[in-house]
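Here the structure is laid out as structure tokens; the discussion comes afterwards.
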Amino acid sequence: MQCYQHNENVSVGLCKACQKAVCSVCATDTGRGLACSEPCSREVGVLNEIIDRSKQIYGIGSRSKLPPTGILFYLFFALVSLGVGLYPLTYGKPVEWFLVLMGSGFLVFGTMSYVRTRKLRLNC
Ligand SMILES: [Zn+2]
Ligand SMILES: [Zn+2]
């Protein structure tokens, strides 16, 4: 492939922003991809930032074994609601159905979102 600006030169790669072929004369190495021009170089910086942020947001490549915070939150409320709701059983009183129901709901939601994050391989 030829450079899109210098027809006589063989391209060394593609501009990461506009995907045009660039040669060693016009290519700028941004460190994480080639750019054909100053505006494209800025664009590559933006693209890289988007990639970095989504990696952080979605926990992509994260090696954390801990379940995502949202799920811990559900689990915590499920345990508290179920615990408080079922506690009267220990002294022979009827259970607090509302709390038991709420706790079960949290447990179901927590499990559902856990399954979803595992499926999408997210960690958030
Ligand atoms: Zn470009
Ligand atoms: Zn060129």
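Per the UniProt record's numbering, the very first residue in the sequence shown carries number 1; after that it's consecutive.
Backbone N, C-alpha and C fix where the C-beta goes; we use that ideal spot for every residue, glycine too.
These figures come from a predicted structure and were not determined experimentally.
Query - TYR91 classed as buried or exposed, judged by whether at least 16 other C-beta atoms fall within 10 angstroms - result: Locating residue 91 in the sequence shown gives position 91, counting from the first residue. It counts as exposed.
Query raised in the report: In angstroms, rounded to a whole number, what distance separates the CA positions of ALA35 and GLY61?
Result: Looking up residue 35 in the sequence shown gives position 35. Looking up residue 61 in the sequence shown gives position 61. Using only the alpha carbons, I get a separation of about 26 Å.
Query raised in the report: Where does ALA78 fall in DSSP's three states?
Result: For the purposes of this step, residue 78 is taken as the residue at position 78 of the sequence shown. Three-state result, ALA78: helix.
Query raised in the report: By Cβ distance, which residues of its chain are closer than 8 Å to TRP97, with the 5 residues on each side in sequence left out?
Result: Taking the sequence shown and counting its residues from 1, one reaches residue 97 at position 97. So the qualifying residues of the chain are GLY85.
Query raised in the report: By how many angstroms is the C-alpha of LEU122 removed from the C-alpha of ALA17?
Result: Position 17 of the sequence shown, counted from the start, is the residue given in the question as residue 17. Position 122 of the sequence shown, counted from the start, is the residue given in the question as residue 122. Distance between the alpha carbons of ALA17 and LEU122 is about 27 Å.
Query raised in the report: If you check the beta carbons only, do VAL11 and THR28 fall under 7 Å apart?
Result: Taking the sequence shown and counting its residues from 1, the one referred to as residue 11 is at position 11. Taking the sequence shown and counting its residues from 1, the one referred to as residue 28 is at position 28. According to the sequence displayed, residue 11 carries Ser and not Val. Their beta carbons are not under 7 Å apart, which means SER11 does not touch THR28 by this criterion.
Requested in this report: Go ahead and label SER81 buried or exposed: buried means 16 or more other beta carbons lie within 10 angstroms of its beta carbon, across all protein chains shown.
Outcome: Your numbering for residue 81 matches position 81 in the sequence shown. SER81 should be labelled buried.
**Report entry** According to DSSP, residues forming a beta bridge with GLY15
**Finding:** As a first step, residue 15 must be located in the sequence shown, where it is residue number 15. With the sequence shown as reference, residue 15 is identified as Cys, and Gly is not the correct amino acid for it. BP columns for CYS15 point to LEU34.
Query raised in the report: Beta carbon of PRO109, beta carbon of PHE77: below 7 Å?
Result: In the sequence shown, counting from the first residue as 1, residue 109 sits at position 109. In the sequence shown, counting from the first residue as 1, residue 77 sits at position 77. Pro is not the amino acid found at residue 109; the sequence shown has Phe there. For PHE109 and PHE77, no; Cβs fall outside 7 Å.
Query - Given ASN9 as reference, the closest of LEU120, LYS55, VAL115, VAL25 once Cα atoms are compared - result: On the sequence shown, residue 9 is found 9 positions in, with the first residue counted as 1. Measuring from the Cα of ASN9, the nearest candidate turns out to be VAL25.
Query raised in the report: Apart from the five residues on each side of it in sequence, which residues of its chain come closer than 7 Å, Cβ to Cβ, to GLU43?
Result: The residue given as residue 43 occupies position 43 in the sequence shown. ALA17.
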